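Taken in order, these protein sequences are the chains called R and B.
Taking numbering that gives the first Met the number 0, the leading residue of the first sequence gets 0, the next gets one more, and so forth.
Taking numbering that gives the first Met the number 0, the leading residue of the second sequence gets 0, the next gets one more, and so forth.
We treat Cβ as the ideally placed atom computed from N, Cα and C, and that holds for glycine.
Since this is a predicted model, take the numbers as computed values, not measurements.
There are 2 protein chains.
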Amino acid sequence: MKYSIIAVGDEVLKGEVANTNCDYLSKSLMEKGFDPSFTFVCGDIEADIAKCLDMSKDSDLVVLTGGLGPTPDDLTRQTVASFLGLPLALDQEIKNQIKQRFQKLGLPMPDNNVNQAMVPKGATVLGNPNGTAPGLYISQNNKTYILLPGPPRELVPMWEDYALNMLYTPGQKTFKKEYYVYGLGESAMAEKLGEMLMRKEQPFVAPYASLGQVRLRVWARVKNQKEFENISSKICEEITQKLAGNLFEDVLEIELGKALKAKGWTLSSAESCTGGLIAKTITDVPGSSDYFKGGCISYSNEVKMKILEVNQSTLSEYGAVSEQVALEMAYGAKRAFGTDCSIATTGIAGPGGGTPNKPVGLVYICVMWPGGNKVIKRVFTGGRSEVRFRTMMVGMYEMLKRVSV
Amino acid sequence: MKYSIIAVGDEVLKGEVANTNCDYLSKSLMEKGFDPSFTFVCGDIEADIAKCLDMSKDSDLVVLTGGLGPTPDDLTRQTVASFLGLPLALDQEIKNQIKQRFQKLGLPMPDNNVNQAMVPKGATVLGNPNGTAPGLYISQNNKTYILLPGPPRELVPMWEDYALNMLYTPGQKTFKKEYYVYGLGESAMAEKLGEMLMRKEQPFVAPYASLGQVRLRVWARVKNQKEFENISSKICEEITQKLAGNLFEDVLEIELGKALKAKGWTLSSAESCTGGLIAKTITDVPGSSDYFKGGCISYSNEVKMKILEVNQSTLSEYGAVSEQVALEMAYGAKRAFGTDCSIATTGIAGPGGGTPNKPVGLVYICVMWPGGNKVIKRVFTGGRSEVRFRTMMVGMYEMLKRVSV
Numbered sequence: 000m001k002y003s004i005i006a007v008g009d010e011v012l013k014g015e016v017a018n019t020n021c022d023y024l025s026k027s028l029m030e031k032g033f034d035p036s037f038t039f040v041c042g043d044i045e046a047d048i049a050k051c052l053d054m055s056k057d058s059d060l061v062v063l064t065g066g067l068g069p070t071p072d073d074l075t076r077q078t079v080a081s082f083l084g085l086p087l088a089l090d091q092e093i094k095n096q097i098k099q100r101f102q103k104l105g106l107p108m109p110d111n112n113v114n115q116a117m118v119p120k121g122a123t124v125l126g127n128p129n130g131t132a133p134g135l136y137i138s139q140n141n142k143t144y145i146l147l148p149g150p151p152r153e154l155v156p157m158w159e160d161y162a163l164n165m166l167y168t169p170g171q172k173t174f175k176k177e178y179y180v181y182g183l184g185e186s187a188m189a190e191k192l193g194e195m196l197m198r199k200e201q202p203f204v205a206p207y208a209s210l211g212q213v214r215l216r217v218w219a220r221v222k223n224q225k226e227f228e229n230i231s232s233k234i235c236e237e238i239t240q241k242l243a244g245n246l247f248e249d250v251l252e253i254e255l256g257k258a259l260k261a262k263g264w265t266l267s268s269a270e271s272c273t274g275g276l277i278a279k280t281i282t283d284v285p286g287s288s289d290y291f292k293g294g295c296i297s298y299s300n301e302v303k304m305k306i307l308e309v310n311q312s313t314l315s316e317y318g319a320v321s322e323q324v325a326l327e328m329a330y331g332a333k334r335a336f337g338t339d340c341s342i343a344t345t346g347i348a349g350p351g352g353g354t355p356n357k358p359v360g361l362v363y364i365c366v367m368w369p370g371g372n373k374v375i376k377r378v379f380t381g382g383r384s385e386v387r388f389r390t391m392m393v394g395m396y397e398m399l400k401r402v403s404v
Numbered sequence: 000m001k002y003s004i005i006a007v008g009d010e011v012l013k014g015e016v017a018n019t020n021c022d023y024l025s026k027s028l029m030e031k032g033f034d035p036s037f038t039f040v041c042g043d044i045e046a047d048i049a050k051c052l053d054m055s056k057d058s059d060l061v062v063l064t065g066g067l068g069p070t071p072d073d074l075t076r077q078t079v080a081s082f083l084g085l086p087l088a089l090d091q092e093i094k095n096q097i098k099q100r101f102q103k104l105g106l107p108m109p110d111n112n113v114n115q116a117m118v119p120k121g122a123t124v125l126g127n128p129n130g131t132a133p134g135l136y137i138s139q140n141n142k143t144y145i146l147l148p149g150p151p152r153e154l155v156p157m158w159e160d161y162a163l164n165m166l167y168t169p170g171q172k173t174f175k176k177e178y179y180v181y182g183l184g185e186s187a188m189a190e191k192l193g194e195m196l197m198r199k200e201q202p203f204v205a206p207y208a209s210l211g212q213v214r215l216r217v218w219a220r221v222k223n224q225k226e227f228e229n230i231s232s233k234i235c236e237e238i239t240q241k242l243a244g245n246l247f248e249d250v251l252e253i254e255l256g257k258a259l260k261a262k263g264w265t266l267s268s269a270e271s272c273t274g275g276l277i278a279k280t281i282t283d284v285p286g287s288s289d290y291f292k293g294g295c296i297s298y299s300n301e302v303k304m305k306i307l308e309v310n311q312s313t314l315s316e317y318g319a320v321s322e323q324v325a326l327e328m329a330y331g332a333k334r335a336f337g338t339d340c341s342i343a344t345t346g347i348a349g350p351g352g353g354t355p356n357k358p359v360g361l362v363y364i365c366v367m368w369p370g371g372n373k374v375i376k377r378v379f380t381g382g383r384s385e386v387r388f389r390t391m392m393v394g395m396y397e398m399l400k401r402v403s404v
């Protein structure tokens, strides 16, 4: 079952109003087992709405949002009616409801609002407890058209309380299993997974990449969880084997928290170039105070010496951005905060501060755990925020590897 | 001049990734004097991309986003080339650039990535400092096609630094003056500015609100900077008067840095509930090591006592989330890091940890400067990340107020 969404309205088209309805409806329809075909945004122009309807003719379901208001630029109702060849007729009951809404507010009903009581022949009216624009549900030649008002506080209840019930087809639902991939780029991951990413039959495998992370989703439309597990277990096992060491059930900061709790270990941070980003990310997780005790942002040599007890001789011999200082910072954090593990970073995030020997993007990351320690050297490209972000991701991933062993 | 936008990608179509690019590009194009025609979202299917291209044929400009990655489901490049009848050829220079990007990361270039160096005949390549996917700019029969990568951190700089310059039409240009408003909500600001926000003639005044911040833009399409200043100086003066004390030239962290440098003062942080977010935000600014010396994330009472020298009796008498502890933390940061100023936060970010007397969202923020100190108590609504973010914004704003006097 294919669906298309047509969002009608100049304000959405011009980006003046964020188009949240399409995402919302897509998520809901996918969960119900529909597959998306197109999403359109068009202005309040009859010909443009008609073009989108025409281009949606391969879809089993077309959802239109917006353009149901009382003013002359609200054209969705009449355009759909004329596209489907359905005459419009005044629905006296709706007219009365709208009138009553205005009466409750102590206002006369403007003449314009009568337009909202015009209903295409054969359409079912969807109630709108939060506004004057009723929704419409039209079935024709095995295709369904649903017209919803634009404002989310009217659209969402109408969708959930009325439209979905009418759409519901018993039998199938979308089931999924999600993974997170760290320490491996999207193309390297794609090479390891190969053909699997291009499966033309269920279950499907889809990657979603962002900076330093790939989310991997295995999904299928089946009757129940058991059937999903039956058809996906082999693929999931294959993924687990092929991406061993890089595959996790959740995001880094949550995985790291789970691993620390399982070991009963505590963590601290000593950050120079990341400037607090690691501590911030770790403490994004509710309950992180169970294992994260504290951190030091050492943005000067004095702080590195005073709080982290880095040796002055190490700083002068190797410089603040060096393997040796990263190591002493990690020791210092463990000592100052009394923790079992620590992550330390020192580097040149840029744009200034680079030299031929120590270019912008050079970072040293030290992770320390009860069994040992490891200093990682990397040279990252990209701007200041990318260098800082990647440093954080590598630090968290390298720490997790040691804690989850 | 009409434009259409085609966002390509299953993840956008399915609503798994918020479609922020379309709004962003629409705003930018409207400012440049273009009128929107359609916005499409389609999946990674060649036939569907082609349908959208076909439906955009009345547009003077078609911007495509996404589908420029290295994997087999990235189809935008080849679909546009085939739609326009342009052969693809390998661009050796781009291939080398991509190779170098991987070399810098110490990785071999996966074979897949060669696809990203394929360029349609006659196209201009748009540089991508933040990723491997180059953009493309194609002119054919008075129509322009611009292909941009999907991730906003790659799309935005490519759009602003390369694509917009190529679109430039001689004669008029967009000139603008931007302000940042802090410590004042969007509706309170709108009340102060009144009619000004609804101007129907140049210069226009447009607010862009986000959490804890409103960006206010005065803009017009005119010949040159001098003409812009002539028509906008009166409005700008009025804004400056009406929003005095809340109006700044730049974002908080940059304004705070400028103010500290002007006074020759240094800063440190002591963070409990914000967990490093304040230090992270301050150090987002290049050169912040000139005034920011360091910070302590004190996620346990032990750290508050040991590093920040908060008194055990204060902690046991008033609790960690109290005015008194915020004050002692700020003193402690000044002492530990040897700075002139400090910001300290302690609070209950949630979702757990609230009590009837100290509910989730309660925070104490202390700012300290050579002339004195101030503790601010707030009870924020919203989830954990919103409470943390708002605490950071209030701390930075209250500090800035004292430093910029």
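Asked, Found
"What does a CB cutoff of less than 8 angstroms around R/MET304 pick up in its chain, not counting 5 residues either side in sequence?", "ASN310, GLN311, LEU314"
"Count Cβ pairs between the stretch 128-135 of chain R and the stretch 67-75 of chain R that sit closer than 8 angstroms; are there 3 or more?", "yes"
"Below 6 angstroms CB to CB, which residues in the same chain sit around R/CYS51 once its five sequence neighbours on both sides are set aside?", "ILE5, PHE39, CYS41"
"Within the same chain, show all residues whose beta-carbon is closer than 7 angstroms to that of R/ALA17, passing over the 5 residues directly before and after it, in chain order.", "none"
"Does DSSP put B/CYS365 in a helix, a strand or coil?", "strand"
"Grab the span of the beta strand (DSSP E) containing B/PRO35 for me, first residue to last.", "34-41"
"Can you pull the chain R neighbours of B/ASN310, defined as C-beta to C-beta under 7 angstroms?", "Those within 7 angstroms of B/ASN310 in chain R number zero; the least Cβ separation is about 18 angstroms."
"At the 7 angstroms Cβ level, is B/MET29 part of the contact set with chain R, yes or no?", "yes"
"What whole-angstrom Cβ distance do B/LEU251 and B/TYR363 have, given they're in contact under 8 angstroms?", "The pair is not a contact, with the Cβ atoms about 20 angstroms apart (cut-off 8 angstroms)."
"Can you confirm whether the stretch 366-375 of chain R touches the stretch 328-344 of chain R when touching is taken to mean that 3 or more C-beta pairs between the two stretches lie within less than 8 angstroms?", "yes"
"With DSSP as the reference, label R/VAL404 as helix, strand or coil.", "coil"
"Would a check of beta-carbon distances place R/ILE296 closer than 7 angstroms to chain B?", "yes"
"Hey, how far is the Cα of B/LEU246 from the Cα of R/GLY381?", "32 angstroms"
"Check the Cβ of R/VAL378 against every Cβ in chain B and list those closer than 7 angstroms, keeping chain order.", "LYS103"
"Measuring alpha carbon to alpha carbon, tell me which residue in B/PHE203, B/ILE253, B/GLY256, B/LEU210 is nearest B/ILE230.", "B/PHE203"
"With 8 angstroms as the limit, tell me which residues of the stretch 31-62 of chain B have their beta carbon closer than that to any beta carbon of chain R; keep them in chain order.", "PRO35, SER36, PHE37, THR38, PHE39, VAL40, CYS41, GLY42, ASP47, LYS50, CYS51, MET54"
"Please name the residue in R/ALA348, R/LEU255, R/SER268, R/GLY360 whose C-alpha comes closest to that of R/LEU326.", "R/SER268"
"According to DSSP, is B/TRP158 helix, strand or coil?", "helix"
"According to DSSP, B/GLY263 sits in a beta bridge with which residue or residues?", "DSSP, once it has assigned bridges, lists no residue as partnering B/GLY263."
"Roughly how many whole angstroms lie between the Cα atoms of B/ASN372 and B/SER36?", "55 angstroms"
"Would the beta-carbon of R/VAL7 fall within 7 angstroms of that of R/ILE44?", "no"
"Which residue wins for smallest C-alpha separation from R/GLU185, given the options R/VAL213, R/LYS199, R/LYS175?", "R/VAL213"
"Give the C-beta separation of R/VAL324 and R/THR354 to the nearest angstrom, bearing in mind that I take them to be a contact with Cβ-Cβ under 8 angstroms.", "Incorrect: roughly 16 angstroms between the Cβ atoms, too far for contact."
"Using beta carbons (cut-off 7 angstroms, strictly below), is B/ARG383 in contact with chain R?", "yes"
"Inspect the beta-carbon positions of R/ALA208 and B/PRO109 and report whether they are closer than 7 angstroms.", "no"
"Determine whether the beta carbon atoms of B/VAL320 and B/LYS357 lie at a separation below 7 angstroms.", "yes"
"Pick from R/GLY14, R/ASN20, R/GLY121, R/LEU24: whose alpha carbon is nearest that of B/ASN20?", "R/GLY14"
"With the cut-off set at 7 angstroms, would you say R/LYS175 and R/ARG216 are in Cβ contact?", "yes"
"Suppose the cutoff is 8 angstroms on Cβ atoms and the five residues either side in sequence are ignored; what does the same chain contact list for R/VAL155 look like?", "TYR23"
"Under 7 angstroms between C-beta atoms, does R/LYS13 make it to chain B?", "yes"
"Can you tell me whether B/VAL320 is helix, strand or coil according to DSSP?", "coil"
"At 9 angstroms on the CB atoms, spell out the chain R contacts of B/ILE306, in chain order.", "GLY293, CYS295, ILE306, ALA335, PHE336"
"Grouping DSSP H, G and I as helix and E and B as strand, with all else coil, what is R/VAL284?", "coil"
"Quick one: what's R/SER384 bridged to in DSSP?", "BP columns for R/SER384 are empty, so no partner."
"Can you tell me which of B/LEU87, B/GLU10, B/GLU228 puts its alpha carbon nearest to the alpha carbon of B/THR173?", "B/GLU228"
"Round the Cβ separation of B/GLY97 and B/ASN112 to the nearest angstrom and send it over; I've been treating them as touching at under 8 angstroms.", "Per the sequence shown, the amino acid found at residue 97 of chain B is Ile instead of Gly. Correct: roughly 5 angstroms between the Cβ atoms."
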